[in-house]
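Position 413, counted from 1, in the sequence shown is what full-length UniProt numbering calls 413; the numbers after and before it change by one each time, with no gaps.
Note that CB positions come from ideal geometry on N, CA and C, so glycine has one too.
Heads up, the thing below is written out as C-alpha cells.
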Amino acid sequence: MARAPLLQATEISLTFGGEPVFDDLSLVVQPGDRVALVGRNGSGKSTLLKVMAGLVEPDHGAVVAAPGLSVGYMEQDPTMEGCATLGDYAASGLDVSEAWRVEAVAEGLKFDPARDVTVASGGERRRAALAKLMAEAPGLMLLDEPTNHLDIEAIRWLERELGQTKAGFVLISHDRAFLNALTRATFWIDRGEVRRQEEGFAAFEAWRDKTWADEDMQRHKLNRKIKAEARWAVEGISARRKRNMGRVRALQDLRAERAGQIKRQGTAAMAFEAGKSTGKRVIEAVGLKKAFGDKTIVRGFDLEVQRGDRVAFVGPNGVGKTTLIKMLLGEVEPDAGSVKLGTNLEIAVFDQARAQLNPDATLWDNLTTDPSMAVSGKADQIMVRGQPKHVVGYLKEFLFDERQARAPVRSLSGGEKARLLLARLMARESNVLILDEPTNDLDIETLDLLQDLLGDYPGTVMLVSHDRDFIDRVATTTIAMEGQGRAVTYAGGWSDYQSQRAADAPIEEKAKPKTVKTEATKSQAQKSGLSFTEKHRLEALPDIIARLEAEIGKLEMLMADPDLFTREPVKFQKATEALVERQDKLAAAEEEWLTLEDKAG
Numbered sequence: 001m002a003r004a005p006l007l008q009a010t011e012i013s014l015t016f017g018g019e020p021v022f023d024d025l026s027l028v029v030q031p032g033d034r035v036a037l038v039g040r041n042g043s044g045k046s047t048l049l050k051v052m053a054g055l056v057e058p059d060h061g062a063v064v065a066a067p068g069l070s071v072g073y074m075e076q077d078p079t080m081e082g083c084a085t086l087g088d089y090a091a092s093g094l095d096v097s098e099a100w101r102v103e104a105v106a107e108g109l110k111f112d113p114a115r116d117v118t119v120a121s122g123g124e125r126r127r128a129a130l131a132k133l134m135a136e137a138p139g140l141m142l143l144d145e146p147t148n149h150l151d152i153e154a155i156r157w158l159e160r161e162l163g164q165t166k167a168g169f170v171l172i173s174h175d176r177a178f179l180n181a182l183t184r185a186t187f188w189i190d191r192g193e194v195r196r197q198e199e200g201f202a203a204f205e206a207w208r209d210k211t212w213a214d215e216d217m218q219r220h221k222l223n224r225k226i227k228a229e230a231r232w233a234v235e236g237i238s239a240r241r242k243r244n245m246g247r248v249r250a251l252q253d254l255r256a257e258r259a260g261q262i263k264r265q266g267t268a269a270m271a272f273e274a275g276k277s278t279g280k281r282v283i284e285a286v287g288l289k290k291a292f293g294d295k296t297i298v299r300g301f302d303l304e305v306q307r308g309d310r311v312a313f314v315g316p317n318g319v320g321k322t323t324l325i326k327m328l329l330g331e332v333e334p335d336a337g338s339v340k341l342g343t344n345l346e347i348a349v350f351d352q353a354r355a356q357l358n359p360d361a362t363l364w365d366n367l368t369t370d371p372s373m374a375v376s377g378k379a380d381q382i383m384v385r386g387q388p389k390h391v392v393g394y395l396k397e398f399l400f401d402e403r404q405a406r407a408p409v410r411s412l413s414g415g416e417k418a419r420l421l422l423a424r425l426m427a428r429e430s431n432v433l434i435l436d437e438p439t440n441d442l443d444i445e446t447l448d449l450l451q452d453l454l455g456d457y458p459g460t461v462m463l464v465s466h467d468r469d470f471i472d473r474v475a476t477t478t479i480a481m482e483g484q485g486r487a488v489t490y491a492g493g494w495s496d497y498q499s500q501r502a503a504d505a506p507i508e509e510k511a512k513p514k515t516v517k518t519e520a521t522k523s524q525a526q527k528s529g530l531s532f533t534e535k536h537r538l539e540a541l542p543d544i545i546a547r548l549e550a551e552i553g554k555l556e557m558l559m560a561d562p563d564l565f566t567r568e569p570v571k572f573q574k575a576t577e578a579l580v581e582r583q584d585k586l587a588a589a590e591e592e593w594l595t596l597e598d599k600a601g
C-alpha cells in the first residue's frame with residue numbers, strides 16, 4: 001500500500017502587490033524525498049518554501065501535512081528577540097535534556113553558541129538558524145540556501161549529515177556540488193508552475209533544455225498553423241462563409257492559445273568591459289607576514305599574480321582570506337614582507353555583504369546616485385562603460401522590469417540583489433576583478449553566464465568562494481589558507497587542490513608523531529628496503545601518474561585546436577603553461593616511482 005505523502009500543496013494561488021506569484025500550483029513531497037527546488041531568481045522559490053512551512057497564507061488553495069509531522073524551516077533572517085546568545089536561540093525549540101544537540105551541531109557548522117546575538121553577524125545568525133533546524137531534527141526540512149556563509153569544511157559536514165538523515169527535505173541552493181551530492185528529485189518553478197522530475201539536480205539542466213526545446217517546437221508548429229489558416233481565411237472566406245465559420249472560430253482559438261502562452265524570461269545580457277591592459281605582472285608579494293594579536297593570518301607568504309590569472313582563495317571562515325586579498329591590493333599593511341602592484345590597475349570589487357547597495361533606496365536611485373555612474377543633467381541616464389544609457393534600459397539587461405526599477409532594494413530576493421550588484425560592477429571598465437562570494441543566491445542560469453564571462457574576461461580575477469564547482473570552472477590557481485599562518489598555492493581549481501593535497505599527504509607524515517609499528521610491519525619494511533612513508537608513496541604514485549597523464553591528454557586535445565591561439569590567446573597561454581607544468585610533474589613522478597621500485601627490490 002502506498003504511503004501517505006509528507007506534505008501536499010493543492011491549487012495554490014498567491015499574489016504580491018498585484019503581481020501573481022503562483023497560479024493553481026500543486027505539489028507533493030513523499031516520505032524520504034530529497035528534492036532540489038530550482039528556478040530563476042524572483043520566481044518564488046523562497047516564497048514557496050514559506051507557503052509549505054505555513055508562514056505565508058496563499059490566496060487560494062491548501063497545504064496539508066501528514067498527521068504528527070514536524071516541519072522545520074530554516075529562516076533567512078531569524079528574529080532572536082528574548083535570546084541572549086546564538087546557542088539560546090538554537091536551543092529554543094528543544095527540551096533542556098536535548099540541548100546537547102546544539103553543541104554538536106555548532107561544532108560542525110562552526111559557530112560559537114555563546115556569541116551575543118546583539119553583536120552576531122548576519123552569517124552567524126544564519127548558521128544559528130540552520131543549527132536550530134538540524135538540532136530539532138524535524139520529519140521534513142525546508143532549507144533555503146543553507147550553504148550561504150558556510151566554509152567548505154562546514155558545507156561538507158552538512159552534506160554528510162543530510163546524506164545520513166531519514167527525514168525528507170526540500171532544498172534551495174546555488175551550490176551545484178551540494179545539490180548533486182544530495183538530491184534525488186527536482187521541483188522546477190517555471191512561470192508560476194511547478195514541474196517535478198524523479199531525478200536529482202544532476203539531470204536538471206538536460207531536462208530543462210529539452211523542455212524548452214519542445215516548447216519552441218510546439219510554438220513553431222502553432223505559428224505555422226495559424227499562418228496557413230489565416231491565409232485560407234483571407235483568400236476564401238467570402239465564398240464559403242456559411243459552411244466554414246467553424247474554421248474561422250478555430251483560427252481565433254489558435255490565436256488565443258498563442259496569446260495565452262507565457263514567454264520564458266530571457267537571459268541576462270551581462271558583460272564585463274576590460275579597461276586598459278595591465279603589465280604582465282599584476283601583483284608580486286614576497287615574505288608576507290600578518291598577525292592580529294595571537295592570530296597569525298600568513299607567515300612567509302610569496303605570490304606572483306600575472307595578467308589573466310584567476311586566483312581562488314579557500315579556507316575556513318575567519319582564517320583571513322579577505323585580509324590577505326586586501327594586503328595584496330595594498331589596502332592593509334603587512335607586518336613584514338612587501339607587495340608590488342603592477343601598472344594601470346583598474347580594480348572592480350563585488351562585495352559579499354552587499355554594502356554598496358542602499359536597501360531603502362530604489363534600484364533606480366542606487367544606480368543614478370553613484371557618482372561614478374551619474375550623467376550630468378540627465379537624471380534618467382547612467383554612464384555604462386563610457387556611454388550614457390537609460391536606467392531602465394540597462395536594468396532590463398539584468399532581467400529587471402520597469403516596476404522593479406522603482407521598488408526599494410529591500411524588496412528584492414537575494415539573487416536579484418546579487419544581479420543588481422553585478423549591474424553596478426559591470427558598468428565600469430576594469431582589468432582586475434575582486435569577487436567576494438559572487439555565487440551566493442544566484443540562479444543557475446545567471447551563474448552559468450557569470451562563469452562564461454569570467455572565462456572570456458581578458459583581465460585578472462581574484463575570488464573568495466566556498467562553491468567547489470564554481471572554483472573548478474573558473475580558477476587557474478587555488479590558494480588554500482589552512483590556519484596558523486599557513487597558505488599554500490596549488491595549480492588549478494578545487495578538485496586539483498584536493499588531489500594534489502592527497503598526493504602530498506604521505507610526505508607530511510614525516511612531521512607527524514611516529515606510530516608504534518607491529519612486528520609484521522617492521523619486518524615488511526625491512527624486507528622491502530623502504531621506510532613506512534616511502535612504501536605509502538610508492539603505492540600512491542601510480543594514481544598520481546595516471547591523473548597527470550589524463551590531464552596532459554585533455555590539455556593536448558585543447559591545444560590541438562588550430563584557431564585557439566588567435567581566438568583566445570589568454571586561454572592558449574594558460575593551457576601552454578599548465579601543459580608544461582604537468583609534463584614536468586609527470587617526469588618527476590615517474591622518476592620517483594622508478595627510484596622507489598629499485599629501492600624496494
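Item to check | Stretch pair the region 401-416 + the region 351-366: three plus CB contacts closer than 8 angstroms | outcome: yes
Item to check | Between the CA atoms of Trp-212 and Ala-206 - distance to the nearest angstrom | outcome: Residue numbering aside, residue 206 sits at position 206 when the sequence shown is read from its first letter. Residue numbering aside, residue 212 sits at position 212 when the sequence shown is read from its first letter. Their Cα atoms are separated by approximately 10 angstroms.
Next on the checklist: At 3 residues or longer, what runs of the beta strand (DSSP E) sit wholly inside the region 440-471?
Outcome noted: 460-464
Item to check | Helix, strand or coil at Thr-521 [DSSP, three-state] | outcome: Within the sequence shown, the letter at position 521 stands for residue 521. Confidence at Thr-521 is low in this model, with a pLDDT of 38, below 50, so the placement of that residue is unreliable and no value is reported for it.
Next on the checklist: Within 10 Å of its beta-carbon, does Gln-164 have 16 or more other beta-carbons around it, so buried, or fewer, so exposed?
Outcome noted: The sequence position of residue 164 within the sequence shown is 164, counting from 1. Result: exposed.
Checklist entry - Rounded to a whole number of angstroms, what is the C-alpha to C-alpha distance between Leu-594 and Met-559? => result Along the sequence shown, one-based indexing puts residue 594 at 594. Along the sequence shown, one-based indexing puts residue 559 at 559. Distance between the alpha carbons of Leu-594 and Met-559: 30 angstroms.
Next on the checklist: How far does the alpha helix (DSSP H) with Gly-393 in it extend, from its first residue to its last?
Outcome noted: Locating residue 393 in the sequence shown gives position 393, counting from the first residue. Note, Gly-393: alpha helix (DSSP H), 391-397.
Item to check | Opposing strand residues paired with Ala-104 [DSSP bridges] | outcome: Residue 104 sits at position 104 when you count from the first residue of the sequence shown. Answer is none; Ala-104 lacks a bridge partner.
Item to check | Limits of the unbroken beta strand (DSSP E) element including Phe-572 | outcome: Here the question's residue 572 lines up with position 572 in the sequence shown. No beta strand (DSSP E) contains Phe-572, which is instead part of the alpha helix (DSSP H) from 569-600.
Checklist entry - Can you round the beta-carbon distance between Leu-27 and Phe-187 to whole angstroms, since I take them to be within the 8 angstroms contact cut? => result Taking the first residue of the sequence shown as position 1, residue 27 is located at position 27. Taking the first residue of the sequence shown as position 1, residue 187 is located at position 187. Between Phe-187 and Leu-27 the Cβ distance is about 6 angstroms, and since that is below 8 angstroms, they are a contact.
Checklist entry - Between Ile-152 and Val-311, is the Cβ-Cβ spacing less than 9 angstroms? => result Counting from 1 along the sequence shown, the entry for residue 152 is found at position 152. Counting from 1 along the sequence shown, the entry for residue 311 is found at position 311. No, the Cβ-Cβ distance between Ile-152 and Val-311 is not below 9 angstroms.
Checklist entry - Nearest CA to the CA of Phe-313: which residue from Arg-385, Asp-175, Gly-337 and Val-461? => result On the sequence shown, position 313 is the one that residue 313 refers to. Selected option, being the one with the closest Cα: Val-461.
Item to check | Cβ distance (whole Å) where Val-432 is taken to contact Gly-459 below 8 angstroms | outcome: In the sequence shown, residue 432 corresponds to position 432, counting from 1. In the sequence shown, residue 459 corresponds to position 459, counting from 1. Yes, Val-432 and Gly-459 are in contact; Cβ-Cβ is about 6 angstroms, under 8 angstroms.
Checklist entry - When burial is assigned at 16 or more other CB atoms within 10 Å of the CB, is Ser-413 buried or exposed? => result What you label residue 413 is simply residue 413 of the sequence shown in a count that begins at 1. Ser-413 is buried by the Cβ-count criterion.
Checklist entry - Whose C-beta lies closer than 8 angstroms to the C-beta of Cys-83 among residues of the same chain, with five residues either side of it excluded? => result For the purposes of this step, residue 83 is taken as residue 83 along the sequence shown, with counting starting at 1. Tyr-89, Ser-92 and Val-117.
Checklist entry - Would you call Asn-440 buried or exposed, if buried means 16 or more other Cβ atoms sit within 10 Å of its Cβ? => result Residue mapping note: residue 440 aligns to position 440 of the sequence shown, counting from 1. Buried, by the Cβ-count rule.
Checklist entry - Quick one: what's Leu-49 bridged to in DSSP? => result For the purposes of this step, residue 49 is identified with residue 49 of the sequence shown, where counting begins at 1. Its beta-bridge partners do not exist; DSSP assigns none.
Item to check | Counted within 10 angstroms of its Cβ, other Cβ atoms place Asp-95 as buried (16 or more) or exposed | outcome: What you label residue 95 is simply residue 95 of the sequence shown in a count that begins at 1. By the 10 Å Cβ count, Asp-95 comes out exposed.
Next on the checklist: In this structure, how does DSSP classify Arg-127 when only helix, strand and coil are distinguished?
Outcome noted: Stepping through the sequence shown from its first residue, residue 127 is reached at position 127. DSSP places Arg-127 in helix when its eight states are reduced to three.
Checklist entry - Comparing alpha-carbon positions, which option in Leu-130, Leu-7, Thr-47 and Val-38 lies nearest Phe-16? => result Taking the sequence shown and counting its residues from 1, one reaches residue 16 at position 16. Here the closest residue by C-alpha is Thr-47.
Item to check | Any beta strand (DSSP E) of 3 or more consecutive residues that is wholly inside the region 287-339 | outcome: 295-306 and 310-314
Next on the checklist: Does Gly-68 pass the burial test, meaning 16 or more other C-beta atoms within 10 Å, or should it be called exposed?
Outcome noted: By 1-based counting over the sequence shown, the position of residue 68 is 68. The residue is exposed, with fewer than 16 neighbouring Cβ atoms inside 10 Å.
Item to check | Distance, Trp-100 Cα to Gly-485 Cα | outcome: On the sequence shown, position 485 is the one that residue 485 refers to. On the sequence shown, position 100 is the one that residue 100 refers to. Approximately 33 angstroms, taken between the alpha carbons.
Checklist entry - At a cut of 8 angstroms, does the region 381-400 reach the region 345-360 through at least three beta carbon pairs? => result no
Item to check | Rounded straight-line distance, which links the Cα of Ala-503 to that of Ala-540 | outcome: As a first step, residue 540 must be located in the sequence shown, where it is residue number 540. As a first step, residue 503 must be located in the sequence shown, where it is residue number 503. If I take the Cα positions, the gap works out to 7 angstroms.
Item to check | Short Cβ contact (9 angstroms threshold) for Glu-103 with Gly-123 | outcome: Taking the sequence shown and counting its residues from 1, one reaches residue 103 at position 103. Taking the sequence shown and counting its residues from 1, one reaches residue 123 at position 123. Cβ distance not < 9 angstroms, so Glu-103 and Gly-123 don't count as in contact.
Checklist entry - Quick one, are the C-beta atoms of Asp-436 and Thr-322 less than 9 angstroms apart? => result Looking up residue 436 in the sequence shown gives position 436. Looking up residue 322 in the sequence shown gives position 322. Yes. Within cutoff.
Next on the checklist: How far does the beta strand (DSSP E) with Leu-357 in it extend, from its first residue to its last?
Outcome noted: As a first step, residue 357 is located in the sequence shown; it is residue number 357 there, counting from the start. Neither: Leu-357 is in no beta strand (DSSP E) and is coded neither H nor E.
Checklist entry - If we ignore side chains and look at the alpha-carbon of each, how far apart do Leu-14 and Gly-44 end up? => result Locating residue 14 in the sequence shown gives position 14, counting from the first residue. Locating residue 44 in the sequence shown gives position 44, counting from the first residue. Computed Cα separation, rounded: 10 angstroms.
Item to check | Thr-476 versus Asp-59 - alpha carbon distance | outcome: Indexing the sequence shown from 1 puts residue 476 at position 476. Indexing the sequence shown from 1 puts residue 59 at position 59. Each residue's Cα considered, the two are about 50 angstroms apart.
Checklist entry - Taking C-alpha atoms, which residue in Asp-33, Glu-57, Ile-347 and Asp-335 lies nearest to Leu-329? => result On the sequence shown, residue 329 is found 329 positions in, with the first residue counted as 1. Leu-329 has its Cα closest to that of Ile-347, out of Asp-33, Glu-57, Ile-347 and Asp-335.
Next on the checklist: Along the chain, where does the beta strand (DSSP E) containing Gln-378 start, and where does it finish?
Outcome noted: The residue given as residue 378 occupies position 378 in the sequence shown. Checking the displayed sequence, the identity of residue 378 turns out to be Lys instead of Gln. 378-384 is the span of the beta strand (DSSP E), which, as asked, contains Lys-378.
Item to check | Integer Cβ distance of Asp-216 from Lys-289, believed to fall under 8 angstroms | outcome: Along the sequence shown, one-based indexing puts residue 216 at 216. Along the sequence shown, one-based indexing puts residue 289 at 289. The pair is not a contact, with the Cβ atoms about 59 angstroms apart (cut-off 8 angstroms).
Next on the checklist: Gly-168 and Asp-33 - do their beta-carbons sit closer together than 9 angstroms?
Outcome noted: Position 33 of the sequence shown, counted from the first residue, corresponds to residue 33. Position 168 of the sequence shown, counted from the first residue, corresponds to residue 168. Cβ atoms of Asp-33 and Gly-168: closer than 9 angstroms.
Checklist entry - Near Val-29, which residues of its chain fall below 7 angstroms by C-beta distance, leaving aside the five closest residues on each side in sequence? => result Numbered from its first residue, the sequence shown carries residue 29 at position 29. Hits under 7 angstroms: Pro-5, Leu-6, Leu-7, Val-35, Leu-140, Gly-168 and Val-170.
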